[in-house]
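Student:
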Amino acid sequence: MCYSLFYLERKTTIKKLLSILTITTLTASIPAPLLANKTLIRVKRDVSTLTSNANNNYLPIKEINGVNDKVQSITVDTKNNIYFGTDDGAFVLKQDSDTLTNIAGINDNITSLTIDSKDNIYFRTNNK
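All residue numbers for the sequence shown refer to our numbering, where the first residue is 1078 and numbers rise by one.
#1: Using three-state DSSP, classify Thr1104 as helix, strand or coil.
#2: In whole angstroms, give me the CA-to-CA distance for Ser1194 and Asn1145.
#3: From Asp1173 to Ile1151, what does the alpha carbon distance come to, in whole angstroms?
#4: Taking the alpha-carbon positions, what's the Lys1208 to Ile1192 distance?
#5: On the DSSP letters alone, give me the boundaries of the beta strand (DSSP E) that Ile1192 sits inside.
#6: Label Ala1181 either buried or exposed according to how many other C-beta atoms from any shown protein chain fall within 10 Å of its C-beta, with 16 as the threshold for buried.
#7: Would you mind giving the Cβ-Cβ distance between Asn1186 and Asn1203, rounded to the nearest angstrom? I have them listed as a contact below 8 Å.
#8: Considering just the uninterrupted stretch of the beta strand (DSSP E) at Gly1166, what are its terminal residues?
#9: Are Ile1183 and Leu1170 close, meaning C-beta to C-beta below 8 Å?
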């Protein structure tokens, strides 16, 4: 009976030891990216530009009617109006419209667009 008790205690100790060794081995052998809490970013390269019509259907497009220049920046406000900054000014596609509208007075090269929480739009330009 003493032998059985000793055997059980030893078996439990060996299991604990093996468990600790396994954890130590796994920790030491796991590659750093798996061990660290690191965000993985993947970029999809075959994405089309999107536009919406009055029915809010989104369609892939290759060009935007009314825009003859390279689109540098696109942003959307809280009312789902889509703003485009181009080499030759800024345009807006209103939520319930199929027609792109030129924003009057903005004729510079728009390099970026930003909209704040009150839907004020800011243009970053390279003056000509």
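Virtual Cβ for every residue (Gly too), placed ideally from N, Cα, C.
Please read these numbers as outputs of a predicted model, since none were measured by experiment.
Tutor: Straight from the coordinates:
#1: Numbered from 1 along the sequence shown, position 27 holds the residue referred to as residue 1104. Below a pLDDT of 50, predicted positions are generally treated as unreliable, and Thr1104, at 48, falls in that range; no measurement from the model is reported.
#2: Indexing the sequence shown from 1 puts residue 1194 at position 117. Indexing the sequence shown from 1 puts residue 1145 at position 68. Distance between the alpha carbons of Ser1194 and Asn1145 is about 30 Å.
#3: Residue 1173 sits at position 96 when you count from the first residue of the sequence shown. Residue 1151 sits at position 74 when you count from the first residue of the sequence shown. Rounded to whole angstroms, Asp1173 to Ile1151 spans 18 Å at the Cα level.
#4: Outside the displayed range of the chain (1078 to 1205) lies residue 1208, so it cannot be described from this structure.
#5: Within the sequence shown, residue 1192 is the residue found at index 115, counting from 1. It spans Asn1186 to Ile1192 - the beta strand (DSSP E) in which Ile1192 sits, taken as one unbroken run.
#6: On the sequence shown, residue 1181 is found 104 positions in, with the first residue counted as 1. By the 10 Å Cβ count, Ala1181 comes out exposed.
#7: Sequence index remark: in the sequence shown, residue 1186 carries index 109 (1-based). Sequence index remark: in the sequence shown, residue 1203 carries index 126 (1-based). Correct: roughly 4 Å between the Cβ atoms.
#8: By one-based count along the sequence shown, residue 1166 stands at place 89. Gly1166 to Leu1170 is the extent of the beta strand (DSSP E) around Gly1166.
#9: Position 106 of the sequence shown, counted from the start, is the residue given in the question as residue 1183. Position 93 of the sequence shown, counted from the start, is the residue given in the question as residue 1170. Their beta carbons are not under 8 Å apart, which means Ile1183 does not touch Leu1170 by this criterion.
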